Structure formats: C-alpha cells, structure tokens
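28 is the number that UniProt numbering gives to position 28 of the sequence shown; each next residue is one higher, with no gaps.
Have a look at the structure below, then the notes.
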Amino acid sequence: MQIKWTDLAQDDLDRVEDYISRTEHASIALATVLTILDSVELMLPIHPKAGRLGRLEGTRELVVSNVPFIVIYRIAQSNTDALKHELQILRVMHDAQLWPLD
1 MQIKWTDLAQ DDLDRVEDYI SRTEHASIAL ATVLTILDSV ELMLPIHPKA GRLGRLEGTR
61 ELVVSNVPFI VIYRIAQSNT DALKHELQIL RVMHDAQLWP LD
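Below, the structure is given as structure tokens:
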C-alpha cells in the first residue's frame, strides 16, 4: 500500500525536529523523527488498520512507541488506480497537543 504524506504532516515532522533540536540535541531530534518515520513506513503498509479509530471521522491514529507522538492518517482510494488504496498521512501531533477540528 502506497504512503502519501500531506504537506501539513511533512511540516509537522519539520517542526518536531526543529523544536527538539533547540530544546534537547540534534541527535535526539533525528532519532525521534526516524522513530516516527519507521513506525509509519514499516508498520502501516502491512497493517493499515493498526492505528486506533481516530477522533475525527474517517481517520485513524497510530500511537508511536517510545516517543510522545501520534500519526493521524486515513485509508483512501488511490488517485492513480481505482482498485487500490493508499495511506494518507495527515498530521503528526504531540500527544499533549490540542487537536484540529477538521
């Protein structure tokens, strides 16, 4: 199953890395981002419903192990092949962060 990251989700990852680099250390920031990426890239193509049902309708939430982040995604019909589905990564949120309404 193909994975597509939205611009918002990519921006979220950049902000995570920037913030942790400023408050902790660049190596910790990189390790955190890699943990998030590995969780998405290794788990979701094999188990797309691994995430719990999302707070927003039509979404799922993957709680990332060992870091305080949640990946919000949805399973959608592929734009390139009507018979296939793709994983759309919508956001990467800190677990204490306020959630968007849409």
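Glycine included, C-beta positions come from ideal geometry on N, C-alpha and C.
Here the structure is a predicted model, which means the values were calculated and not measured.
Go ahead and label G58 buried or exposed: buried means 16 or more other beta carbons lie within 10 angstroms of its beta carbon, across all protein chains shown.
exposed
Quick check on DSSP: helix, strand or coil for E61?
strand
Among the residues of its own chain, which have a CB less than 8 Å from the CB of L8, if the five just before and after it don't count?
L90 and R91
Can you name the residues that DSSP bridges to R74?
Q88
According to DSSP, what are the bridge partners of I3?
L87
Proximity of D6 and V16 at Cβ, strictly below 8 Å
Per the sequence shown, residue 6 should be read as Thr rather than Asp. Taking 8 Å as the Cβ cut-off, T6 and V16 do not qualify as a contacting pair.
Quick one: measure Cβ to Cβ for M43 and I70, integer angstroms, because I've assumed they're closer than 8 Å.
Rounded, the Cβ-Cβ distance is 13 Å, inconsistent with contact.
For L53, the three-state DSSP class (helix, strand or coil):
strand
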